[in-house]
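Colleague: First, the structure itself, so that you have it in front of you.
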Amino acid sequence: MLTAVRMFLLHAVVNKAAPAWVLEQLYELGDDRDLPVEAQGESGGMRYRLRARHRLQEPEAEVDRATDEEVMAMLRACRSARDRLIVLLLSRVGLRPGQVAGLHRCDVHLLMDSRSLGCDVEGAHLHVIRRQNVNGAWSKSRKSWVMPVDFLVVQAADQYAVERYEILGEGGSAFLLVNLFRPPYGSPVTTGAIGELCESLSERAGLGRQVGPACHGQQRRRCRRLAG
């Protein structure tokens with residue numbers, strides 16, 4: 099926003115719509131003598147540049163992350179393999195709720211060698227891809243990326259695959275995580291459902307506070323995040 103305002107005013111000065119002294123309030127005049135030799139150019143002459151006077155200083159807020167004991171208590175409170183996998187994807191892999199709910203089955207490669215699937219990435223991993231999903235889930239990152247997973251996540255994913263097959267067979271959507279215990283069966287879980295699950299697990303585990311993917315408003319003081 100600061101950059102946009104500066105550029106608007108600079109445009110106004112250049113086009114005589116604002117007085118020249120406006121630039122003095124926005125920029126301070128500097129030369130290239132304080133730059134490294136490599137950045138001074140080859141002309142040998144002194145060059146001047148404008149340096150912005152105003153910069154936004156954003157304080158870094160400390161994140162109150164959940165402890166290992168709290169995560170383990172939530173895992174013990176889970177009543178299904180699917181819920182255990184969700185907790186591990188949030189806490190151990192570090193995915194956001196939108197990324198978890200937006201995973202497709204084809205994004206998860208749990209073999210040590212996935213070249214048979216057309217993927218050259220070694221080891222067990224998953225692909226986080228930003229796409230338009232019917233459940234409204236999406237990754238904030240514009241770029242696709244690969245996240246390795248450990249044996250705990252692989253084991254949880256295997257147990258969930260068995261659980262899903264026993265309930266839905268080959269049915270269900272192409273999404274990784276789907277509704278198994280309430281209608282509409284086989285439809286993808288939503289980010290709201292993941293938040294409700296974390297709240298329920300926090301209560302069943304007796305944590306005394308809500309532990310979840312993020313905290314907002316008045317909940318921030320008594321809420322811890324599953325991951326950074």
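For the sequence shown, the working numbering assigns the number 99 to the initial residue and increments by one for each residue that follows.
Virtual Cβ for every residue (Gly too), placed ideally from N, Cα, C.
1) What does the alpha-carbon distance come out to for the pair VAL232 and HIS202?
2) So, does the CB of HIS225 fall closer than 8 Å to a CB anywhere in chain D?
3) Nearest-angstrom Cα distance between GLN123 and GLU158?
4) So GLY284 packs on ASN277, CB below 8 Å; how close in whole Å?
5) Does the beta-carbon of ARG280 have 16 or more other beta-carbons within 10 angstroms, so that it is buried, or is it exposed?
6) Quick one: Cα of ILE265 to Cα of ARG180, how far?
7) Just to confirm before moving on: does the CB-CB distance between LEU173 and ARG182 stay below 8 Å?
8) Buried or exposed: where does HIS109 fall if 16 or more other Cβ atoms within 10 Å of its Cβ makes it buried?
9) Let's see if you can read the secondary structure: which residues bound the beta strand (DSSP E) around GLN308?
10) If I'm right that VAL191 touches VAL251 with Cβ under 8 Å, what's the distance once you round it to whole angstroms?
11) Threshold first: 3 residues or longer. Then list the beta strand (DSSP E) segments lying entirely within the region 169–247, N to C.
12) At which residues does the alpha helix (DSSP H) containing HIS109 begin and terminate?
13) If you draw a straight line from the C-alpha of GLY293 to the C-alpha of MET210, how long is it?
14) Can you tell me the Cα-Cα spacing of ASP256 and CYS217, whole angstroms?
15) For VAL252, which of helix, strand or coil comes out of DSSP?
16) Taking all protein chains shown into account, do 16 or more other C-beta atoms lie within 10 angstroms of the C-beta of MET105, making it buried, or fewer, making it exposed?
17) Looking at C-alpha atoms only, which residue of LEU188, VAL226, VAL260 and ALA235 is the closest neighbour of GLY310?
18) By Cβ distance below 6 Å, which residues in the same chain neighbour LEU299 in space, the five residues on each side in sequence not counted?
19) For LYS238, which of ARG262, GLY269, ARG194 and VAL219 has the nearest alpha-carbon?
20) Between LEU376 and ALA254, which are expected to be in contact by the criterion C-beta below 8 Å, what is the C-beta distance as a whole number of angstroms?
21) Taking the alpha carbon of ARG153 as the point to measure from, which residue in GLU126, VAL287, LYS114 and LEU100 has its own alpha carbon closest?
Modeller: Let me spell this out:
1) CA-to-CA, the gap between VAL232 and HIS202 works out to about 12 Å.
2) The chain labelled as chain D is not found in the depicted structure, where only one protein chain is given.
3) In a straight line, the C-alpha of GLN123 is about 28 Å away from that of GLU158.
4) With a Cβ gap of about 7 Å, GLY284 and ASN277 count as contacting.
5) ARG280 sits exposed, since fewer than 16 C-beta atoms from the chains shown fall within 10 Å of its C-beta.
6) Rounded to whole angstroms, ILE265 and ARG180 show a C-alpha spacing of 12 Å.
7) Their beta carbons are under 8 Å apart, which means LEU173 touches ARG182 by this criterion.
8) With fewer than 16 other Cβ atoms within 10 Å, it is exposed.
9) For GLN308, the enclosing beta strand (DSSP E) begins and ends at 308–310.
10) Right, their Cβ atoms sit about 6 Å apart.
11) Here the runs fully enclosed are 223–226 and 243–246.
12) Per DSSP, HIS109 belongs to the alpha helix (DSSP H) from 100–112.
13) Roughly 32 Å separates the two Cα atoms.
14) Going from the Cα of ASP256 to the Cα of CYS217 covers about 20 Å.
15) For VAL252, the three-state secondary structure derived from DSSP is helix.
16) Result: exposed.
17) Ranking the options by Cα distance to GLY310, first place goes to LEU188.
18) If the five residues before and after LEU299 are omitted, its C-beta is found closer than 6 Å to the C-beta atoms of MET172 and ALA175, all from its own chain and listed in chain order.
19) Of the candidates ARG262, GLY269, ARG194 and VAL219, the one whose C-alpha sits nearest the C-alpha of LYS238 is ARG194.
20) There is simply no residue 376 to check, as the chain begins at 99 and stops at 326 in what is shown.
21) Nearest to ARG153 by alpha-carbon distance, out of GLU126, VAL287, LYS114 and LEU100, is LEU100.
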